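A.B. asks:
In our numbering, the protein residues as written are 31 to 322.
1. So what does DSSP say about residue 137, is it helix, strand or coil?
2. Straight-line CA distance for residue 292 to residue 309?
3. Evaluate residue 68 with the Cβ neighbour count: other Cβ atoms within 10 Å of its Cβ, from every protein chain shown; 16 or more gives buried, anything less gives exposed.
4. Below 7 Å between beta carbons: does that hold for residue 99 and residue 125?
5. Can you tell me whether residue 294 is helix, strand or coil according to DSSP?
6. If you follow the beta strand (DSSP E) that residue 317 is in, where does it begin and where does it stop?
7. Return the bridge partner residues of residue 164 from the DSSP annotation.
8. What does DSSP give as the partner residue(s) for residue 126 in the beta ladder?
9. Would you call residue 144 buried or exposed, if buried means 16 or more other Cβ atoms sit within 10 Å of its Cβ?
10. Rounded to the nearest angstrom, what separates residue 137 and residue 303 at their Cα positions?
11. Between the region 56-75 and the region 104-121, can you find at least three pairs of beta-carbon atoms closer than 8 Å?
12. Do the region 76-93 and the region 219-228 make contact, defined as three or more Cβ pairs closer than 8 Å?
13. Where does residue 177 fall in DSSP's three states?
14. Within the chosen definition, does the region 232-242 reach the region 207-220 through at least 3 CB pairs nearer than 8 Å?
15. Hey, could you find the ends of the alpha helix (DSSP H) residue 109 is sitting in?
16. If distances are taken between C-alpha atoms only, which option among 172, 178, 199, 117 comes closest to residue 221?
17. Determine the DSSP secondary structure at residue 99, reduced to helix, strand or coil.
18. Would you grab the beta carbon distance between residue 96 and residue 129 for me? Rounded to a whole angstrom, and I think it's under 8 Å.
19. Would residue 140 be called buried (16 or more neighbouring beta carbons within 10 Å of its own) or exposed?
20. In whole angstroms, what separates the C-alpha of residue 86 from that of residue 207?
21. By how many angstroms is the C-alpha of residue 64 removed from the C-alpha of residue 319?
22. Which one of 306, 46, 312 has the shortest CA to CA distance from residue 185?
23. Can you give me the C-alpha to C-alpha distance between residue 224 and residue 180, rounded to a whole angstrom?
24. Kindly indicate which residue of 196, 256, 182 has the alpha-carbon position closest to the one of residue 164.
25. When the distance is taken between beta carbons, is residue 315 closer than 7 Å to residue 247?
26. For the alpha helix (DSSP H) containing residue 159, list its first residue and its last residue.
27. Which same chain residues, not among the five before or five after residue 169, have their C-beta less than 8 Å away from its C-beta?
Rendered as structure tokens:
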């Protein structure tokens, strides 16, 4: 197994983002408690929803993308690449799936390394060479190793509560003026928490992508392979039918590069860093490897 190097600058930024989320959420709990809302019931409701999302994330993603789990006899090349990468990353081999889609992309899901699944689209395997496919899969396996599904689920817990309150709290008018004021304050606090947490969670997601890029570079030993893959995937997006892009946008948080149509608001609040910054970070890692 290759030495798993740590990027302390990136780790610090992720820690600070999580800390800011924690502060926002503690303040949110304080406001709801002060206003006398049934906090336990709200927490239980959101907890059940997020637990279901976390526990069944692999099944939900398979269903929503149309991904099909493939055996070693069906896709021996993919299985060989993943097996080799798992040895390098010290991971149990995940299930492998293929998505019949013209969009060149890949994703990983699953609540733990033992329950993980990695998937590639047919568009990816058709456009990338073997080394580039391996680099992309190494990126996805790093998400598995870093338990990113668990991290992002935990990070979004109170954001989900705030979103629920924003949508439904305003319809529950108080029995008197005082209760009406309390509900309005809680609603405004929920809006503020949802907006702030929305931006912080997307920043955290972008940091997790940088970390996965770094992990892929370490696992494969060739950062340039991932650079080449990212450039090809990004360059291919303009040739993908617009309807296919729009259908895939709901899965952007999972993909190695988001599928974004020109009209999409997700371009403004992306879950992924700009390609230029990712390439620059990988080139820096390449220089570090040459000096090591």
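From the three backbone atoms N, C-alpha and C, an ideal C-beta is built for every residue, glycine too. None of the values given here were measured: they were computed from a predicted structure.
C.D. replies: Quick look at the numbers:
1. Numbered from its first residue, the chain shown carries residue 137 at position 107. Looking at residue 137 - three-state DSSP - the assignment turns out to be strand.
2. On the chain shown, residue 292 is found 262 positions in, with the first residue counted as 1. On the chain shown, residue 309 is found 279 positions in, with the first residue counted as 1. Caution is warranted here: a pLDDT of 48 is assigned to residue 292, below 50, making its placement in the model unreliable, and no coordinate value can be reported.
3. Here residue 68 is taken as the residue at index 38 of the chain shown, counted from 1. Label assigned to residue 68: exposed.
4. Working through the chain shown from its first residue, we reach residue 99 at position 69. Working through the chain shown from its first residue, we reach residue 125 at position 95. It is a contact, given that the beta carbons lie within the stated cut-off.
5. Position 264 of the chain shown holds residue 294. Only weak support is given to the placement of residue 294: the predicted model assigns it a pLDDT of 48, under 50, and the value that follows is read from those uncertain coordinates. Coil at residue 294, not helix or strand.
6. One-based indexing of the chain shown puts residue 317 at position 287. Element bounds for residue 317: not the beta strand (DSSP E) but the alpha helix (DSSP H), 305-321.
7. Here residue 164 refers to the residue found at position 134 of the chain shown. Beta-bridge pairing links residue 164 to no other residue.
8. Position 96 of the chain shown, counted from the start, is the residue given in the question as residue 126. DSSP lists 148 as partners of residue 126.
9. Numbered from 1 along the chain shown, position 114 holds the residue referred to as residue 144. With fewer than 16 Cβ atoms within 10 Å of its Cβ, residue 144 is classed as exposed.
10. Here residue 137 refers to the residue found at position 107 when the chain shown is read from its first residue. Here residue 303 refers to the residue found at position 273 when the chain shown is read from its first residue. Their backbone Cα atoms lie some 16 Å apart in a straight line.
11. Taking a cut-off of 8 Å on C-beta distances, the region 104-121 does not touch the region 56-75, as fewer than three cross pairs fall below it.
12. Contact between the region 76-93 and the region 219-228 is absent, because fewer than three Cβ pairs lie under 8 Å.
13. Locating residue 177 in the chain shown gives position 147, counting from the first residue. Of the three classes helix, strand and coil, the one that applies to residue 177 here is coil, per DSSP.
14. Contact between the region 232-242 and the region 207-220 is absent: fewer than 3 CB-CB pairs across the two stretches fall below 8 Å.
15. For the purposes of this step, residue 109 is taken as the residue at position 79 of the chain shown. Looking at the DSSP string, the run of the alpha helix (DSSP H) that includes residue 109 is 106-119.
16. Counting from one through the chain shown, the residue named residue 221 turns up at place 191. Here the closest residue by C-alpha is 199.
17. For this step, residue 99 is matched to residue 69 along the chain shown. Residue 99 falls in the strand class under three-state DSSP.
18. In the chain shown, the residue the question calls residue 96 occupies position 66. In the chain shown, the residue the question calls residue 129 occupies position 99. With a Cβ gap of about 6 Å, residue 96 and residue 129 count as contacting.
19. Taking the chain shown and counting its residues from 1, the one referred to as residue 140 is at position 110. Per the 10 Å Cβ criterion, buried.
20. For the purposes of this step, residue 86 is taken as the residue at position 56 of the chain shown. For the purposes of this step, residue 207 is taken as the residue at position 177 of the chain shown. Between residue 86 and residue 207, the C-alpha separation is close to 43 Å.
21. Sequence index remark: in the chain shown, residue 319 carries index 289 (1-based). Sequence index remark: in the chain shown, residue 64 carries index 34 (1-based). So the two alpha carbons sit approximately 54 Å from each other.
22. Here residue 185 refers to the residue found at position 155 when the chain shown is read from its first residue. The shortest C-alpha separation from residue 185 is found at 46.
23. Here residue 224 corresponds to residue number 194 of the chain shown, with the count starting at 1. Here residue 180 corresponds to residue number 150 of the chain shown, with the count starting at 1. Cα to Cα, residue 224 sits roughly 20 Å from residue 180.
24. Start at 1 with the first residue of the chain shown, and residue 164 comes out as number 134. If you compare the alpha carbons of 196, 256, 182 with that of residue 164, the shortest gap goes to 256.
25. Here the question's residue 247 lines up with position 217 in the chain shown. Here the question's residue 315 lines up with position 285 in the chain shown. Cβ atoms of residue 247 and residue 315: closer than 7 Å.
26. Taking the chain shown and counting its residues from 1, the one referred to as residue 159 is at position 129. Going by DSSP, residue 159 is part of no alpha helix (DSSP H) at all; its letter is neither H nor E.
27. By 1-based counting over the chain shown, the position of residue 169 is 139. Contacts found: 136, 242, 243, 245, 246, 256, 286.
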